[in-house]
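In this text, residue positions in the sequence shown follow numbering that gives the first Met the number 0: the first is 0, and each later residue adds one.
Using N, Cα and C, we set each Cβ at its ideal position, and we do this for glycine too.
Here the structure is a predicted model, which means the values were calculated and not measured.
Everything on this sheet refers to the single structure shown next.
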Amino acid sequence: MKHFTIQEVKSWDRFYRGNFINSISGFKSVSLIGTVDQENNPNLAIFSNIVHLGADPALVGFINRPREASPHTLSNIEHTGSYTINHIHEEFLEKAHQTSAKYAKHESEFEKTGLSPLWTDHTKAPFVKESKVRYSMELQEIIPLKQNNTFLVVGAIQDIYVPSVAVQADGYVDLENVGSLASLGIDGYYKTSLLNRYAYAKADKEPTRLEA
Ligand SMILES: Cc1cc2nc3c(=O)[nH]c(=O)nc-3n(C[C@H](O)[C@H](O)[C@H](O)COP(=O)(O)O)c2cc1C
């Protein structure tokens, strides 16, 4: 086992350190966030710092990098208050990764990558047609984090689209069944493989596996 102190980590090359620290917090969900600007021009970008914040109200947060590094999604959400979150699947992984490139504001990542915008009456922002799990969000709050100039964007889930085959009897959504990918660091993507589900843990009981 190797021991690294933070002093040592700080002395590393920027890219090496970025990969190392980005990986160490573990596997993450990864999705495409769709938005529009004030003139309804679509924007799409890949995000992996996405986190469940609570079920009732149904809140999801994501971390946006400092404004200079990731400007468009953030400013579109500030202006319109709406966005979509779309899971990524193996069939369009490369296109999804490509949305992280720094395209100019007037360039649409949908056009650049060949992914298809899907417009609905319920939200201003476009979904990604190729995505099998997608949901729309209404902005609640943007919290600037002083330590590193990033932003925690807090949103409330509105409409959810998911194949019925993936929704189990108890409400668990079997994302493996629909091939939603996970990520590690900022360039590694994974398929998933369930080990087990377990009953709610109780202090006086042994862990109990749930039947698949
Ligand atoms: C796998 C992966 C995950 C990423 N996760 C985030 C993230 O959570 N937050 C973020 O601000 N940028 C993230 N990025 C970088 C953005 O995708 C990139 O800055 C993009 O150009 C932002 O586009 P925008 O300016 O249109 O919002 C990630 C990139 C990759 C490849």
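Contact set for residue i: own chain, Cβ-Cβ below 7 Å, skip 5 residues either direction
| i | result |
| --- | --- |
| Val177 | Lys131, Val132, Pro162 and Ala165 |
| Asp173 | Ala165 and Gln167 |
| Asn75 | Thr34, Val35, Asp36 and Asn42 |
| Ala198 | Thr207 and Leu209 |
| Gly184 | Asn18, Asn21 and Ser22 |
| Thr149 | Ile62, Asn63, Arg64 and Pro65 |
| Leu151 | Gly60, Ile62, Ile142 and Leu144 |
Candidates the options: closest to residue i by CA position
| i | options | result |
| --- | --- | --- |
| Lys111 | His96, Thr122, Trp118 and His121 | His96 |
| Ser179 | Leu209, Lys190 and Ile185 | Lys190 |
| Glu210 | Leu193, Pro70, Asn147 and Lys204 | Leu193 |
| His86 | Ala181, Ile5, Gln157 and Phe19 | Ala181 |
| Tyr171 | Leu151, Val153, Thr149 and Asn195 | Asn195 |
| Tyr188 | Ile5, Ile45 and Met0 | Ile45 |
| Tyr102 | Glu38, Pro70, Leu151 and Glu175 | Pro70 |
| Asn147 | Ile62, Lys1 and Ser81 | Ile62 |
| Asp186 | Phe3, Ala100, Glu38 and Glu205 | Ala100 |
Other residues of its chain near residue i: CB distance less than 6 Å, five sequence neighbours each side excluded
| i | result |
| --- | --- |
| Trp118 | Pro125 |
| Gln157 | Ser135 and Glu137 |
| Pro116 | Pro41, Phe109 and Pro125 |
Residues near residue i in its chain [Cβ-Cβ closer than 8 Å; skip 5 each side]
| i | result |
| --- | --- |
| His105 | Asn40 |
| Leu114 | Leu31, Leu43, Phe91, Lys94, Ala95, Thr98, Glu108, Val127, Lys128 and Glu129 |
| Lys8 | Sequence inspection shows Val at residue 8; the Lys mentioned does not correspond to that position. Result list for Val8: Arg16, Phe19 and Ile20, in chain order. |
Bridge partners - residue i, DSSP secondary structure assignment
| i | result |
| --- | --- |
| Ile141 | Val152 |
| Asn85 | Leu31 and Arg133 |
| Gly53 | Leu58 |
| Val172 | Val166 |
| Tyr197 | Arg208 |
| Ala235 | For the chain, the structure presents residues 0 to 211; residue 235 sits outside this window and is missing. |
| Leu43 | Gly33 |
| Phe273 | Residue 273 lies beyond the range of the chain shown here (0 to 211); nothing can be said about it. |
| Tyr160 | Arg133 |
| Asn63 | Phe150 |
CB-CB length for residue i against residue j, believed under 8 Å
| i | j | result |
| --- | --- | --- |
| Val35 | Lys123 | 6 Å |
| Met136 | Thr83 | 7 Å |
| Ala155 | Ala54 | Ala155 to Ala54, Cβ: 12 Å. No contact. |
- Item | Three or more C-beta pairs below 8 Å linking the region 36-50 and the region 135-143 | no
- Task: Taking 8 Å as the threshold, find out whether the region 85-99 comes into contact with the region 18-26 through three or more Cβ pairs.
- Result: no
- Task: State whether the region 65-84 contacts the region 5-19, with contact taken as three or more CB pairs (one from each stretch) at a distance under 8 Å.
- Result: no
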